[in-house]
Amino acid sequence: MDRKVRVRYAPSPTGHLHIGGARTALFNYLFAKHYDGDFIFRLEDTDIDRNIEGGEASQLDNLSWLGIIPDESPLKPGKYGPYRQTEKLDVYREYAQKLIDMGLAYECYCTSEELDASRKKQESEGKFSFRYEKTCLNLSEEQKAKYKEEGRIPSIRFNVDENKVYTWYDIVRGEISVAGKDISDWVIIKSNGIATYNFCVSIDDAQMEISHVFRGEEHISNTPKQMMIYESLGLQAPSFGHLTLIVNEERKKLSKRDETIMQFISQYKEEGYLPEAMFNFFSLLGWSPEGEDEIFTKDEIIKLFDETRLSKSPSMFDKGKLHWINNHYIKELEEDKLQALCLPFMEKEFDLLNKSDEWKKDILELFKPQLNYGLEIIELVRPFFEEYQLEEADIEFLKETDSKELLETIIIGFEELSEFKATDIKEVIMTSGKELGKKGKNLFMPARLAISSKRSGADLATVAQLIGKEESINNIKKAIETL
RNA sequence: GGCCCGUUGGUGAAGCGGUUAACACAUAUGCCUUUCACGCAUACAUCCACGGGUUCGAAUCCCGUACGGGUCACCA
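According to the working numbering, the first sequence is numbered sequentially starting from 112.
Below, the structure written as structure tokens:
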């Protein structure tokens, strides 16, 4: 790298951190940290009507939950501030004036009604995209004065040179070029005096000495506009890399309304996913390291990160894979961490007051190997809180397997146990089976049914232990009564 | 429609002119624990969207077609 690496994530505070944003932020972060550079968080809040309350804080909080901590941000300013675009509107206006003075930008007095009319007209001519016809390019001072008298407030447009071709080497896609003739004169300062996105980013990136920009592929078409600004103002442009989109299981771009996938990071947090797992998962969404492993710590990923291995084809958000990765990290969790993750969900759903700490610990350890995310514990554990009830078919099954005697034997065995521990319980079930010549499914299914009224579930002996001696025996008695 | 981009098994994804086309998820089967889950093992692309070309040789390079996506705002 011939420049100090400085990258940025620059969301608009119009919503909370979503998957796409998180991934963009992550790759920028990885790149920065890999090259020992800085990761800057900046706010693009120029669309004042759409900004939401708390948007900035929410973005920052979710990012830090994921482990992506900015080196500079509005809350932790470096020497490149301000970090909110609305706080430097005069700067943009100054640069706009420079462009006007150079003849590279001009005031446009067209009203939105006129623009709409022109748009409609072009549409009716079969044009698919609107192109501003430079109507106001050569307005005389008189005409301007006249418009002003009418109460029109001008916007400022960039005067695009249609003979130019803008070419850049994209870090992920290679060379891309776009012709100036394909770009309409675009607004740099809106009539409300606020600069537009493309103008702000260019100036901010230059002023903040941003060296590299990784962003979504929807920004490819913005790149030439930004290049025009750098070129005319003599500013140094960053290098660009355009990440592929994240698509859903139908290969469509993730839209805000897409319900097949949870969109917001906060939702993953709320459902009990682990940040380390999310970090790991996102890093694999559109990137792959050399080698065959897929589970990495944050530091390992930073070390391995290589921007030339960023994928060019869309990344599908694979929920199954996320679950697998998350489960992996859950299995590594220590007892107290596991409890912190799961207990809140259980407490909300069930009455845990008369359950001992030992019981809570055991039940979580029981399900840990198969738990994909925290919230899932509720369904796994639900059978323990449901009323004991045998279905007709279950009773039938117990009759068919001729299990009455077996169950009676198990009760006797259970009653003799001073301590009701899984290992002993298993012993009882097995010796009872041996006595009556039953084994495998013929042994465990009836026993399970009688003890828990369920046909499947976790390790039966542990389940019985968790149900408790008295209740287990009572349950079996209830089952026997039906026979 | 213009411009830009992509297309490898059910899915993610390696691969960069010569490979038995990695690896992972999912699935199936088997083993293990005398059920389940976990774990372990094995299987699963007559072949890299299609059609041409270049080459001794192509998933890999070139052209075209199809399909998919992005973008064409006083939104960011």
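Where is the CB? At the ideal position from N, CA and C, for every residue including glycine.
If I'm right that residue i touches residue j with Cβ under 8 Å, what's the distance once you round it to whole angstroms?
i           : j           : result
residue 321 : residue 287 : Not quite, the Cβ-Cβ distance comes to about 19 Å (not below 8 Å), so this is no contact.
residue 426 : residue 397 : 4 Å
residue 328 : residue 354 : 6 Å
residue 573 : residue 473 : 7 Å
residue 531 : residue 576 : 6 Å
residue 501 : residue 593 : 6 Å
residue 220 : residue 255 : 7 Å
residue 528 : residue 580 : 7 Å
Using a Cβ-Cβ cutoff of less than 7 Å, which residues in the same chain neighbour residue i once the five nearest sequence positions on both sides are dropped?
i           : result
residue 301 : 266, 307
residue 521 : 539, 540, 543, 558, 587
residue 379 : 373, 389
residue 141 : 394, 412, 413, 416
residue 483 : 434, 437, 438
residue 272 : 291
residue 442 : 479, 480
residue 284 : 353, 423
residue 570 : 477
residue 246 : 221
residue 512 : 553, 557
Let me know the secondary structure DSSP gives residue i once reduced to three states.
i           : result
residue 220 : coil
residue 516 : helix
residue 373 : coil
residue 350 : strand
residue 312 : helix
residue 393 : helix
residue 419 : helix
residue 440 : helix
residue 230 : helix
residue 183 : strand
residue 575 : helix
residue 569 : coil
residue 325 : strand
residue 357 : strand
residue 426 : strand
Kindly list the residues whose CB is nearer than 6 Å to the CB of residue i, restricted to its own chain and excluding five residues on each side of it in sequence; keep chain order.
i           : result
residue 544 : 550, 554
residue 183 : 151, 189
residue 264 : 302
residue 289 : 277, 335
residue 138 : 325
residue 119 : 151, 153, 321
residue 191 : 319
residue 169 : 127
Go to residue i, then tell me how far its alpha helix (DSSP H) extends in each direction, as first and last residue.
i           : result
residue 135 : 130-145
residue 343 : 334-344
residue 544 : 533-547
residue 555 : 552-563
residue 202 : 200-212
residue 478 : 468-478
residue 267 : Careful: residue 267 lies outside any alpha helix (DSSP H), inside the beta strand (DSSP E) at 266-269.
residue 166 : 166-177
residue 492 : 488-492
residue 456 : 446-460
residue 280 : Taken as a continuous stretch (DSSP letters only), residue 280 belongs to no alpha helix (DSSP H), being part of the beta strand (DSSP E) at 276-281.
Output the boundary residues of the beta strand (DSSP E) element that contains residue i.
i           : result
residue 286 : 285-290
residue 149 : 149-152
residue 299 : 298-300
residue 88  : With the chain represented from 112 up to 594, any question about residue 88 goes unanswered, as that position is not in the structure.
residue 120 : 117-120
Spatial neighbours of residue i within its chain, please: C-beta separation below 8 Å, excluding the five flanking residues on both sides.
i           : result
residue 204 : 300, 304, 306
residue 236 : none
residue 176 : 376, 380, 386
residue 341 : 313, 317, 347, 348
residue 244 : 229
residue 297 : 243, 268, 269, 271, 307, 309, 336
Compute the minimum distance between the beta carbon of residue i and the heavy atoms of the ligand COA, and state whether it is under 7 Å.
i           : result
residue 560 : With respect to the ligand COA, the structure offers nothing, as it holds no ligand at all.
Taking one C-beta from the stretch 150-163 and one from the stretch 183-202 each time, how about it: are there three or more such pairs within less than 8 Å?
In short, these stretches touch, since the Cβ pair count reaches three.
Would you call the stretch 139-149 and the stretch 416-429 in contact, with 3 or more CB pairs under 8 Å?
Touching, per the Cβ criterion.
Assess, as a yes-or-no matter, whether the stretch 325-341 is touched by the stretch 270-288 under the definition of 3 or more beta carbon pairs within less than 8 Å.
yes
Inspect the CB distances between the stretch 445-461 and the stretch 489-504 and report whether three or more fall short of 8 Å.
Below 8 Å, enough C-beta pairs join the stretch 445-461 and the stretch 489-504 to call them touching: three or more.
Can at least three beta-carbon pairs, one atom from the stretch 164-178 and one from the stretch 198-211, be found at a separation below 8 Å?
Touching, no, given that fewer than three Cβ pairs across the two stretches are closer than 8 Å.
Any contact between the stretch 556-571 and the stretch 497-514? By contact I mean 3 or more CB pairs, one from each, below 8 Å.
yes
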